[in-house]
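From first to last, the protein sequence lines stand for chains A and B.
Residue 22 is where the first sequence starts when you use my numbering, and the numbers rise one by one after that.
Residue 403 is where the second sequence starts when you use my numbering, and the numbers rise one by one after that.
Even glycine gets a Cβ: it sits at the ideal position worked out from N, Cα and C.
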Amino acid sequence: MGETPHRSADAGTGGIRVASSGQQRPAGASARVAESPVSTRTPGGDGLGGGGGLPRARAFGAERAFRGLTLAAGTAVLVIIAAIAVFLIAKAVPALGANTENFWTYEGWSPNDTAPKFGIGTLAFGTVLSSALALLIAVPVALGIALYLSHYAPRRLGTALGFLIDLLAAVPSVVFGLWGRDIFVNPVRDFSAWLNQYFGWIPIFGGDGPFGKSIMLGSLVLAIMVLPIITSLSREVFLQTPTANEEAALALGATRWEMIRTAVLPYGRPGIIAAVMLGLGRALGETIALAMTLGITFGISFNLIENGGNTIAANIANAFGEANDTGRGALIASGLVLFTITLIVNITARAIIYRRREFTESAA
Amino acid sequence: MTTTIANHRTRPPAQPATLRARRLPRYAPPAIALAALLVAAAVVYGTGIGGPVLVVVVAALLYLAGLFAASNAVEGRRSARNRTWSALIHSAFVLAVLPLASVVWTLVSKGVERLDGDFFNTSMNNIGARDPNGGAYHAIVGTLEQVGIAALITVPLGILCAIYVVEYGRGRFAFAIRFFVDVMTGIPSIVSGLFVLAFWVLVVSPVFNDGRPGFSGFAAALALSVLMLPTVVRSTEEMLRLVPAPLREGAYALGVPKWKTILRVVLPTALPGIVTGVMLAVARAAGETAPVLLVAGGGAAINFNPFENNQSSLALFVYQQAGDASKYAPARAWTAALTLVALVLILTVAAKLLARRNRLGR
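The structure is reproduced here in structure tokens:
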């Protein structure tokens with residue numbers, strides 16, 4: 022490679038120079054590929070033998086085109102996220118301008134009136150309350166099942182049941198909603214009446230009915246829905262605990278629980294956080310199951326067992342049918358709030374996971 | 403950890419004659435369970451505050467307390483903790499299996515009621531509240547078309563995006579794309595529905611539709627692709643990273659350009675994994691109700707054209723029948739739910755089996 026290059030090196034896409042004299046081919050894609058300093062010397066310019074089989078100038082175009090194509094596809098993701106925000110804002114602003122009440126504090130949703138009145142407060146409250154309750158119920162149980170499947174059950178049984186749990190994670194939410202509305206509501210109604218009879222003095226179990234289609238039913242259905250997701254993700258993380266760590270703990274005389282507490286749980290913590298956050302994301306955005314199981318009322322109340330409760334997503338599904346222009350804009354505005362909430366939750370979760378880079382591949 | 407072990411060591415052995423620690427006899431846990439059950443029954447029925455369910459709950463709590471106390475007395479605190487946590491973990495499993503089993507059982511037992519040829523061959527067109535027949539043909543057509551179009555959009559876009567992230571992307575920009583793909587995974591389905599409503603139905607579709615916004619199956623497909631895209635990108639990305647570097651280097655050494663290496667060597671190697679990811683994404687998209695409700699509108703008649711007029715989908719059909727006042731509607735809803743679950747599960751099982759045969763492994 023001692024010859025004087027007959028063309029400038031920047032003719033290519035930054036690869037090494039093709040230095041053979043008489044070569045009419047640019048240091049394009051093919052040369053760039055071979056990033057190790059391999060000489061691409063060829064016996065002649067006629068494309069015979071050795072590197073002469075390398076693609077000609079056309080390859081330069083193909084490489085660039087393909088690269089550009091993938092870049093465009095990658096950019097599309099950013100464009101879509103930006104477009105979601107832009108279009109939701111664009112459609113929400115007119116409706117927000119027409120709103121005659123305070124969007125943040127007004128308790129009610131009648132955007133189709135001549136003087137539109139709607140507020141996000143109750144809906145956001147219901148969304149956060151039902152999701153928080155669902156996670157409160159689901160997370161300990163899900164971690165318990167995940168530990169059972171990974172460390173307590175016989176290996177074959179654990180694998181089979183894990184497969185089953187994965188399948189349950191794929192069951193559509195409308196099915197859970199239907200089940201909650203037709204079947205599960207009965208035991209929950211009985212349980213609510215029982216709670217009300219004996220624990221009615223606690224405000225969250227107070228009221229005088231009717232019971233059933235309540236925040237409790239919604240949260241329980243939601244919990245049952247996110248359970249398989251959290252379970253299958255955290256089971257995978259628990260299974261990846263280095264065997265050496267587990268055996269070391271056991272060899273030091275730890276009981277099985279001590280082994281789990283000292284070896285499995287610390288290792289799996291980022292994965293657990295990721296799983297819980299994904300569950301939270303699904304719970305916050307869950308639409309149909311809640312639209313079918315909640316009592317749909319407007320008003321901020323901590324009462325868990327009386328008919329009532331509403332969430333942003335459920336309200337969109339329920340109110341969309343009779344919405345006029347302003348009504349649609351109002352629903353889009355509420356969707357924008359939901360989008361913002363989930364975006365914040367997700368970015369926080371990802372930031373937590375990304376801080377522990379070594380887990381990103383496996384846990385998320 | 404270290405302190406507990408130290409405590410354990412310093413405790414004088416109870417039976418110097420043997421090296422074994424004292425253990426609860428094998429019959430102790432069942433005996434405690436039986437006692438707990440009896441006490442619980444006596445308390446609950448004696449005070450009349452509940453039925454058999456409460457008995458079981460109280461018995462479970464008593465069992466946990468009794469087990470801890472007995473084990474603490476005989477075997478020591480560490481073993482007692484171990485036994486209690488073990489019991490808790492087993493009961494968490496039982497607790498979760500009950501509702502999930504109930505879902506499956508109800509689905510099957512109620513779903514077979516209308517599982518006949520009529521259900522799969524007719525639509526809901528001209529089916530009134532008093533008609534017991536009617537079916538989901540139009541909904542099945544809708545689901546297949548919407549999911550198919552969504553896959554056609556998502557698969558090339560997602561794979562190219564993953565290729566950029568894995569093969570070409572460097573620095574902040576590629577990191578931003580990775581990050582936002584992850585963030586996009588968490589976008590609620592209703593928000594993607596609203597996005598397509600605001601973007602396609604209200605802004606773009608009037609152009610083709612004489613100035614009137616129109617629902618269509620294609621709009622639903624767009625909303626579904628927003629949901630599918632991150633799943634496809636993530637799984638493809640993971641698979642591309644698993645392709646061994648020597649394969650790529652071998653191709654480079656033979657002088658194959660990078661783009662051809664990716665298309666001819668890397669992608670075929672990763673293909674089974676990518677197909678698995680796509681199938682899982684399709685399965686998830688097929689079950690989505692909210693976006694279809696917002697942008698396809700639903701409808702009772704068969705509509706093969708995804709670009710014009712309302713279309714239904716299986717999930718939306720379930721939702722609409724569940725809200726219907728007709729006494730025949732619930733049976734239709736359950737059968738449609740069973741069909742939907744069968745479709746989704748077949749896809750998922752096939753994807754998982756394919757993943758298991760994948761040479762790259764996980």
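is_contact[residue i, chain A] using C-beta, thresh 9 angstroms
i         : result
B/Asp-726 : no
B/Leu-466 : no
B/Arg-572 : no
B/His-540 : no
B/Thr-691 : yes
B/Arg-759 : no
B/Arg-424 : no
B/Val-668 : no
B/Pro-565 : Correcting the residue type first, residue 565 of chain B is Ile in the shown sequence and not Pro. It does; some Cβ of chain A falls within 9 angstroms.
Test: residue i CB closer than 9 angstroms to a CB of chain B
i         : result
A/Glu-327 : no
A/Ile-353 : yes
A/Trp-215 : yes
A/Ala-93  : yes
A/Glu-84  : yes
A/Met-313 : yes
A/Trp-222 : no
A/Arg-376 : no
A/Pro-137 : no
A/Trp-130 : no
A/Val-247 : no
A/Phe-184 : yes
A/Lys-234 : no
Same chain, Cβ closer than 7 angstroms to residue i, five either side skipped, listed in chain order
i         : result
A/Ile-362 : Leu-305
B/Phe-706 : Val-543
A/Thr-314 : Gly-198, Gly-201, Arg-202, Lys-234, Leu-238, Gly-239, Val-242
A/Leu-150 : Ile-236
B/Gly-657 : none
Separation of residue j from residue i, as counted between CA atoms
i         : j         : result
A/Ile-374 : A/Lys-138 : 41 angstroms
B/Arg-686 : A/Ile-186 : 15 angstroms
A/Arg-282 : A/Phe-259 : 12 angstroms
A/Ile-353 : B/Trp-736 : 31 angstroms
B/Gly-588 : B/Arg-479 : 43 angstroms
B/Ala-753 : A/Asn-123 : 49 angstroms
A/Asn-120 : B/Val-603 : 23 angstroms
B/Tyr-465 : A/Leu-273 : 30 angstroms
A/Thr-332 : A/Phe-146 : 8 angstroms
A/Pro-291 : A/Ala-163 : 16 angstroms
B/Thr-524 : A/Ser-152 : 39 angstroms
B/Gly-560 : B/Leu-749 : 19 angstroms
A/Ala-270 : A/Leu-170 : 20 angstroms
B/Leu-469 : B/Arg-424 : 15 angstroms
A/Val-358 : B/Ala-538 : 35 angstroms
B/Thr-638 : B/Asn-712 : 33 angstroms
Under 9 angstroms from the C-beta of residue i: neighbouring residues of chain A
i         : result
B/Leu-509 : Val-192, Val-196, Leu-199, Trp-200
Span of the alpha helix (DSSP H) around residue i
i         : result
B/Ala-622 : 619–644
B/His-540 : 539–565
B/Ala-793 : Residue 793 of chain B is absent from the model: chain B starts at 403 and stops at 764.
B/Tyr-721 : 716–724
B/Val-457 : 454–476
A/Leu-170 : It is not in any alpha helix (DSSP H) - A/Leu-170 carries neither H nor E in the DSSP assignment.
B/Asp-584 : 573–587
A/Pro-193 : Taken as a continuous stretch (DSSP letters only), A/Pro-193 belongs to no alpha helix (DSSP H), as it is neither H nor E.
B/Trp-788 : Past the edges of chain B, shown from 403 to 764, lies residue 788 of chain B, and the structure says nothing about it.
A/Glu-268 : 264–272
B/Trp-736 : 731–759
Proximal residues of chain A, C-beta to C-beta of residue i below 7 angstroms
i         : result
B/Pro-608 : Within chain A, no residue comes near B/Pro-608; the closest Cβ sits about 13 angstroms away, beyond 7 angstroms.
B/Leu-811 : There is simply no residue 811 of chain B to check, as chain B begins at 403 and stops at 764 in what is shown.
B/Arg-483 : Trp-278
Contact set between residue i and chain B, taken where Cβ atoms lie within less than 9 angstroms
i         : result
A/Phe-360 : Ile-589, Pro-590, Val-593, Leu-596, Phe-597
A/Tyr-219 : Ile-451, Gly-452
Amino acids of chain B, ordered along the chain, whose beta-carbon sits closer than 8 angstroms to that of residue i
i         : result
A/Val-160 : Per Cβ cutoff of 8 angstroms: no residues; A/Val-160 is ~11 angstroms from chain B at best.
Contacting residues, own chain, Cβ-Cβ under 6 angstroms from residue i (five flanking each side not counted)
i         : result
B/Ser-594 : Ala-625, Val-628, Leu-629, Pro-693
Residues near residue i by beta carbon distance below 8 angstroms, same chain, minus five either side
i         : result
A/Pro-224 : Phe-323, Asn-324
B/Arg-650 : Thr-663, Val-667, Val-668
Chain A contact residues for residue i, given Cβ-Cβ distances below 8 angstroms
i         : result
B/Phe-706 : Per Cβ cutoff of 8 angstroms: no residues; B/Phe-706 is ~24 angstroms from chain A at best.
Within-9 angstroms CB hit, residue i to chain E
i         : result
B/Ile-676 : Note that chain E does not occur in the displayed structure, where the protein chains are A and B.
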